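Step one of this worksheet: look at the structure below.
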Amino acid sequence: MGRYVIRRLLQMIPVFFGATLLIFLMVNVMGDPIAGLCGDRECDPATAAQLRKEFGLDKPVWQQYATYMGNVFTGDFGTAFNGQEVTELMSTAFPVTIRLTVVAILFEVVIGITLGVVTGLRRGRPVDTGVLLVTLVVISVPTFVTGLLLQLLLGVEWGWISPSVSPEAPFNELIVPGLVLASVSLAYVTRLTRTSIAENRRADYVRTAVAKGLPRRRVITRHLLRNSLIPVVTFIGTDIGALMGGAIVTERIFNIHGVGFQLYQGILRQNTQTVVGFVTVLVLVFLMANLLVDLLYAVLDPRIRYA
Amino acid sequence: MRGATHARWAACAAAVALAATACGDDGGGDSGGSGDGSGILSSSWGDPQNPLEPANTNEVQGGKVLDMLFRGLKRYDAKTGKANDMLAEKIETTDSQNFTVTVRSGWTFSNGEPVTAKSFVDAWNYGAGLKNNQKNAYFFGYIDGYDKVHPEDGGKQTADTLSGLKVTGENTFTVKLNQKFSTFPDTLGYAAFSPLPKAFFDDHDAWLKKPVGNGPYVVDSYAKGSVMKMRKWGEYPGEDKARNGGVDLKVYTDNNTAYTDLMAGNLDLVDDVPASQLKNAKSDLGDRYINTPAGIIQTLAFPFYDKAWDKDGMEKVRTGLSRAIDRKQITETIFQKTRTPATDWTSPVLGEAGGFKEGLCGDACEYDPDEAKKLIEEGGGLPGGQVKISYNADTGSHKEWVDAVCNSVNNALDNDKACVGNPVGTFADFRNRITQSKMSGPFRAGWQMDYPLIQNFLQPLYYTNASSNDGKWTSAEFDKLVDEANAETDQAKAVELFQQAEEVLRDDMGAIPLWYQNGSAGYSQRITDVALNPFSLPVYNEIKVS
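Chains A and B, in that order, give the protein sequences. Sequential numbering of the first sequence, starting at 1, is according to the working numbering. Sequential numbering of the second sequence, starting at 1, is according to the working numbering.
This is the structure in structure tokens:
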């Protein structure tokens with residue numbers, strides 16, 4: 001187990017460098033960011049050159065990357081164009097997005113798995129068909145439609161929630177945005193759980209458990225569900241990274257100043273430092289989530305062992 | 001948030017189940033106060049692009065803060081745009097080149113430091129210095145010694161101070177310009193010319209975290225990227241004291257969300273109504289929707305560095321294109337009358353006396369498809385048989401109007417492919433192509449005035465090699481007239497000369513004027529006396545909270 005973890009951690013190193021280099025090159029291809037800094041007019045050449053020097057943009061790309069990586073290992077992620085340290089931006093943006101992701105994941109786990117179990121056990125019944133239809137609708141409607149609609153109905157028409165989230169972004173304000181963010185994944189989780197449960201329901205060990213006279217509740221939670229969760233856990237694990245990075249739409253609609261907003265600003269302003277910094281952290285989150293998922297397999301199914 | 005209490009408790013219960021969290025007032029309800037001038041309003045804001053320093057701020061969002069935080073030598077009247085003395089007791093000159101400025105005494109910064117002649121001179125020297133990376137440094141380019149402080153070729157800065165600036169007393173200083181510039185005093189209302197306190201130079205980082213100025217408001221707290229709380233400064237010595245207790249500037253990720261928040265009663269003022277909401281704004285807000293002219297003009301510029309657009313006869317093609325655009329229809333349908341068809345190259349906010357001349361463009365800006373077709377054919381047709389209008393696609397919903405302009409041109413020429421839009425991904429990339437002279441056809445250009453002077457609408461944009469002459473249009477006659485106008489001390493005569501220069505521009509159709517842009521804003525029932533100034537910024541200090 002320990003060796004497995006170490007091997008996995010070592011594998012992350014090339015992935016990490018590859019991903020950051022790729023992002024670095026992609027942002028660089030977009031051209032000279034200084035050109036957009038002076039508004040609808042040309043920066044005067046002397047100031048532009050000076051700024052380029054300050055941000056290290058006058059050096060060749062490979063050198064920029066090397067310097068950047070060197071700094072990253074000392075914890076310095078550079079400075080955004082508005083003079084703020086990227087680490088400072090991260091320290092305000094990541095907590096917000098993590099809260100939002102936690103809300104979304106909780107929705108996926110609680111509602112998604114419950115619905116999945118319920119429908120999986122009642123395959124073909126009206127409940128099942130109903131939920132299937134609803135998930136189909138949720139999957140096919142784009143997130144920004146769901147988001148704007150909920151915002152308009154709950155926020156403006158009925159006044160149940162505030163349409164925008166305050167800068168502090170406490171949990172209670174993130175419930176609706178979290179639901180919107182989770183909606184599509186939630187539908188997938190429901191469907192995955194349903195299929196898995198329905199398949200395993202006829203498995204030998206379930207029949208044995210029932211024959212032993214175990215209470216129905218115990219059969220479902222300990223035996224059936226635990227064995228059916230592997231595909232679901234895989235999905236949710238990879239979804240963590242996707243939710244954090246892909247929250248741009250939701251964050252824009254509900255005015256959440258999280259990672260998505262910072263990335264969007266960074267891309268618009270072609271701010272290499274911001275974009276690469278945030279993506280680097282997201283890559284790490286993604287890798288860690290994947291490792292965690294793999295380790296969870298062994299917990300769910302002891303037959304799976306790692307050497 | 002009426003009717004929200006119930007739901008909030010339900011939401012809180014759910015939140016507690018998820019994880020313990022503070023449930024209570026979410027900050028939306030702390031804006032009490034009644035007509036006594038202590039009420040606090042909230043206003044939409046965007047994340048400023050650059051650090052908040054007077055000479056480093058060149059966009060509206062940062063400008064908003066500077067307008068509340070600073071008062072300069074002059075201030076532009078919110079209604080007429082006229083430059084009135086503010087901190088200047090008098091600015092005297094005999095030759096339009098040497099000026100003596102007397103600063104009013106009794107003014108202080110909000111940290112107690114007095115505002116003296118030195119506060120201005122130090123600030124201007126800082127703004128001009130190349131090593132300080134100030135993006136508005138070129139505003140000081142008229143002052144003698146600028147080439148030493150800010151070498152154009154990017155070489156080493158050989159002086160720290162402008163030789164044209166001299167402190168001659170506690171409250172007086174002299175300015176020597178490197179050329180005659182009669183309207184120079186009128187430019188001094190621009191934020192880049194604000195005074196700065198010693199605290200700015202002593203601890204720059206601390207100042208940036210919490211800027212200190214001499215205006216009617218002080219910064220109470222600033223959480224970068226999310227909210228800036230401005231509060232009334234009780235001891236402000238000026239006449240234009242804040243009539244409210246303060247303003248919370250809230251950063252919005254999207255102006256649609258800001259508008260939604262206004263509708264839901266969570267926000268008091270939106271100073272940029274999103275294009276998609278314009279057609280609802282009137283019915284949603286009634287009298288609380290403002291749509292007033294601002295000093296902004298949108299034009300189509302041409303790449304004069306491209307031979308195909310610069311050869312003889314092309315002025316007919318350019319004029320033809322101008323005549324092929326149905327400005328009236330586009331401003332009414334796409335912009336919901338928040339734009340006015342342009343008939344000159346300035347802006348109505350200048351007023352007649354300031355140099356705005358309705359109809360100066362004449363026939364050349366009137367829609368006439370037949371005449372347009374004839375002119376373009378006479379001029380030798382469109383280069384390559386097609387025009388591509390470039391614009392940046394990331395902000396400002398430019399696609400809609402560019403497509404409409406192209407439609408109009410196509411209809412006039414009876415050719416589906418005569419004109420197409422050419423979107424460029426980001427604004428930075430769009431600017432890149434302009435700076436590198438890579439445009440192959442007309443492109444979107446816009447100008448938001450720095451100060452309400454006709455000079456500001458012409459010289460930076462069309463003078464040979466001027467800072468914002470993106471199309472590189474050049475005309476010796478135009479340049480000569482502008483120089484003469486700048487040297488002219490009689491305001492009325494100067495304006496006349498500028499207008500003659502504008503006629504030169506018209507005859508060659510150096511850029512097609514499209515429309516004047518309005519400022520649009522919406523506000524809640526809690527506040528009154530809301531207005532936009534000619535720069536389309538809300539006049540915050542006048543707003544009353546009930």
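For each residue, glycine too, the CB sits at the ideal point set by N, CA and C. All values derive from a computational prediction rather than experimental measurement.
The segment 431-447 of chain B and the segment 30-37 of chain A touch, with no fewer than 3 CB-CB distances between them shorter than 8 Å. Contact annotation: in the segment 47-73 of chain B, residues whose CB is within less than 7 Å of a CB in chain A are D47, P48, Q49, N50, P51, N58 and E59. Here the alpha carbon of N456 (chain B) sits roughly 6 Å from the alpha carbon of M449 (chain B). Closer than 8 Å at the C-beta level to chain B, one finds these residues of the segment 63-83 of chain A: F81, N82 and G83.
By the C-beta criterion, the segment 229-245 of chain B is judged not to be in contact with the segment 264-275 of chain B, since fewer than 3 inter-stretch pairs fall below 8 Å.
For L282 (chain A) against G245 (chain A), the beta-carbon gap comes to about 5 Å, under 8 Å, which counts as contact. For the segment 145-229 of chain B, the full-length alpha helix (DSSP H) segments reaching 4 residues or more read 146-149, 184-187, 198-202 and 204-209 along the chain. About 7 Å separates the beta carbon of A393 (chain B) from that of V424 (chain B), a gap short enough to meet the 8 Å contact definition.
Remark: three or more beta-carbon pairs, one from each stretch, lie closer than 8 Å, so the segment 203-221 of chain B and the segment 69-85 of chain B are flagged as touching.
The shortest CA-to-CA distance from L224 (chain A) to any of A:A198, A:G213 and A:T238 is the one to A:A198. W160 (chain A) has its alpha-carbon roughly 51 Å from the corresponding atom of V387 (chain B).
Pairing A353 (chain B) with T47 (chain A) gives a Cβ-Cβ distance that is not under 7 Å.
Counting only runs of 4+ residues, the alpha helix (DSSP H) found wholly inside the segment 132-201 of chain A occupies 143-150 and 175-200, in chain order. Here K210 (chain B) has V219 and Y222 as same chain residues with Cβ atoms under 7 Å from its own Cβ, once five neighbours each way along the sequence are excluded. By the Cβ neighbour-count rule, Y205 (chain A) is exposed, with fewer than 16 other Cβ atoms within 10 Å of its own.
In chain order, E92 and T174 place their CB closer than 6 Å to the CB of T100 (chain B), counting only its own chain and leaving out the 5 sequence neighbours on each side. No Cβ-Cβ contact shorter than 7 Å links A418 (chain B) with I334 (chain B).
Measuring C-alpha to C-alpha distances from Q262 (chain A) to each of A:R3, A:V96, A:Y65 and A:L22 identifies A:V96 as the nearest. Per DSSP, G31 (chain A) lies in no beta strand (DSSP E) segment and is marked neither H nor E. What R431 (chain B) touches in chain A, judged by beta-carbon distance under 7 Å, is A35 and G36, going in chain order. If you check the CB distance, G441 (chain B) and G245 (chain B) do not come in under 7 Å. Chain A places a beta carbon closer than 7 Å to that of T435 (chain B), counting this residue as a contact.
Using a Cβ distance threshold of 7 Å, A93 (chain A) and V259 (chain A) count as a contacting pair. Neighbours of D147 (chain B) in chain A, taken as residues whose beta carbon is under 7 Å from its own, are absent, since the nearest beta carbon is some 10 Å off. Closest by C-alpha distance to I330 (chain B), out of B:D153, B:P303, B:T253 and B:Q517, is B:Q517.
DSSP places G241 (chain A) within a helical segment (H, G or I) once states are collapsed to three.
Flagged as an interface residue toward chain A: V227 (chain B), by a C-beta distance shorter than 7 Å. 7 Å or more divides the Cβ of W473 (chain B) from the Cβ of G446 (chain B).
Look at the segment 243-255 of chain B: the residues with a C-beta under 9 Å from a C-beta of chain A are K250, V251, Y252, T253 and D254.
Contact of E152 (chain B) with chain A by beta-carbon distance below 9 Å involves D44, P45 and A46. Within its own chain, the residues whose Cβ lies closer than 6 Å to the Cβ of F77 (chain A), once the five positions on either side in sequence are excluded, are V86, T87 and G277, listed in chain order. Put simply, the segment 489-506 of chain B touches the segment 452-468 of chain B. At least three CB pairs are less than 8 Å apart.
Residues of the segment 237-257 of chain A that bring their beta carbon within less than 8 Å of a beta carbon in chain B comprise E251, R252, I253, F254, N255, I256 and H257, in sequence order. Within the segment 262-284 of chain B, M263, A264, G265, N266 and L267 place their CB atoms closer than 9 Å to a CB of chain A, listed in sequence order.
For S140 (chain A), not one C-beta of chain B is nearer than 7 Å to its own C-beta.
Residue contact check for F261 (chain A) against chain B: a CB pair falls below 7 Å.
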